[in-house]
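Numbering (this note's numbering), first residue to last: 2 to 262. Just so you know, even glycine gets a beta-carbon here, dropped at the ideal spot from N, CA and C. What follows is a single structure, written as structure tokens, with notes after it.
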Amino acid sequence: MQTLRKMFIVLGLLVLSNMAQAYDYLQIQHPQQTWRTGQGTIEQAVISIKPQGIYMEYGLYLTFSARGLSFFANDSVEVQFFFDLPKEAIVHDLWLWVDDQIMRALIMDRWTASSIYEDIVKRRRDPAILFKNDENSYELRIYPMPGNKTRKIKLTYLMPAQWLPTSVIAGLPTNLLRTSRTPLSVFHLLFWPHTDWANPRLQEFPGLPFIAQQDTAFGDYVRAEIPTEAVAISLNFALDSPMQNGVFVSKFQDNDEGIYQ
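So, in structure tokens, the structure goes:
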């Protein structure tokens, strides 16, 4: 896995407004020829999960394309991705791949972010912007994408896990993957093992193997290949509960400070 480099540029921002979206939809559109539009494709999808106290941290890697929409190499099109996450989700990071670099988003108010994004679009540079339109509705825009190429992002968010007596469960955002015009043939689920967190599995596919992988940058992890039929249903990732006598305490260390949960 490629190392993420923290380069702060204006990709966008996360803010509230009263403009609600109640559906998941992936659209590709030519900004100057708006009648040229159609449903986009997710070429690749990877979901990583890491326990963070009582939360699970999701890393959603998505690669978008305009496959099958009759765009050409000289077309500069915009990715428009409308999607819902549970209202408890806390989105805190957005990354955009630009050539061989990975750019990280800034967080700012909606109107400032919109103004900067529109200005950059006019100059045909490389922005992305993420709006929070309602308590659970989001809007991601990326421009430009050559009509015959792809754009890749990573979206990171936290979600409270469901704690049961013997297991901890986290739902997977398969609703986002179902927006693809061309169905995914497979997507990958990554998990970093820890002494407190054992036996990773999918509840709906209990026999699906998690294969050990080596990574010098991020540490060794396990990976499962999720079949295409799984995208059509709700999926739940599960781990054995680390609670002892009904209690689990964790600490996040940051230099000389720590946070307990």
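So, with DSSP's three-state summary, where would you put T183?
coil
So, at 8 Å on beta carbons, what are the nonlocal neighbours of H189 in its own chain, with the 5 sequence-adjacent residues on each side left out?
A46, V47, I48, R224, A225, E226 and I227
Taking all protein chains shown into account, do 16 or more other C-beta atoms lie within 10 angstroms of the C-beta of N75, making it buried, or fewer, making it exposed?
exposed
Can you tell me whether F73 is buried or exposed? The criterion is at least 16 other CB atoms within 10 Å of its CB, across all chains shown.
exposed
Give the DSSP-derived three-state secondary structure of E230 in the structure shown.
helix
Is the beta carbon of S181 sitting closer than 7 Å to the one on I29?
no
Three CB pairs or more closer than 8 Å across the region 95-105 and the region 207-220
no
Determine the direct distance from the alpha carbon of I130 to that of K155, and round the result to whole angstroms.
12 Å
Please classify L178: does DSSP put it in a helix, a strand, or coil?
helix
Of all Cβ atoms in chain D, is any one closer than 7 Å to the Cβ of A106?
The displayed structure is made up of one protein chain only, and chain D is not part of it.
Closest to W198 by CA distance: which of P145, Y222 and E79 is it?
Y222
If we call anything under 7 Å between Cβ atoms a contact, is A233 one with Q204?
no
Look at the Cβ atom of D25, then the Cβ atom of F84, and state whether they are nearer than 7 Å.
yes
Would you mind sorting W36 into buried or exposed? The rule is 16 or more other CB atoms within 10 Å of its CB.
exposed
Every unbroken beta strand (DSSP E) inside the region 125-158 [3 residues or more]
129-133 and 138-147
In the structure shown, what three-state DSSP assignment does G220 receive?
coil
Using the beta-carbon count (16 or more within 10 Å), is L86 buried or exposed?
buried
Mark L95 as exposed unless 16 or more other C-beta atoms lie within 10 angstroms of its C-beta, in which case mark it buried.
buried
I'd like to know whether the C-beta atoms of L1 and T229 end up nearer to each other than 7 Å.
Given a span of 2 to 262 for the chain in the structure shown, any question on residue 1 remains unanswerable.
Rounding to the nearest angstrom, what Cα-Cα distance links F206 and V78 in this structure?
38 Å
Based on the DSSP secondary-structure assignment, which residues constitute the bridge partners of G39?
I29
Mapping the DSSP letters down to three states, classify Q204 as helix, strand or coil.
coil
3 or more residues per run - each beta strand (DSSP E) lying fully within the region 56-96:
56-66 and 77-85
Mind checking who W164 pairs with in its DSSP beta bridge?
V169
Helix, strand or coil: which one does DSSP assign to P52?
strand
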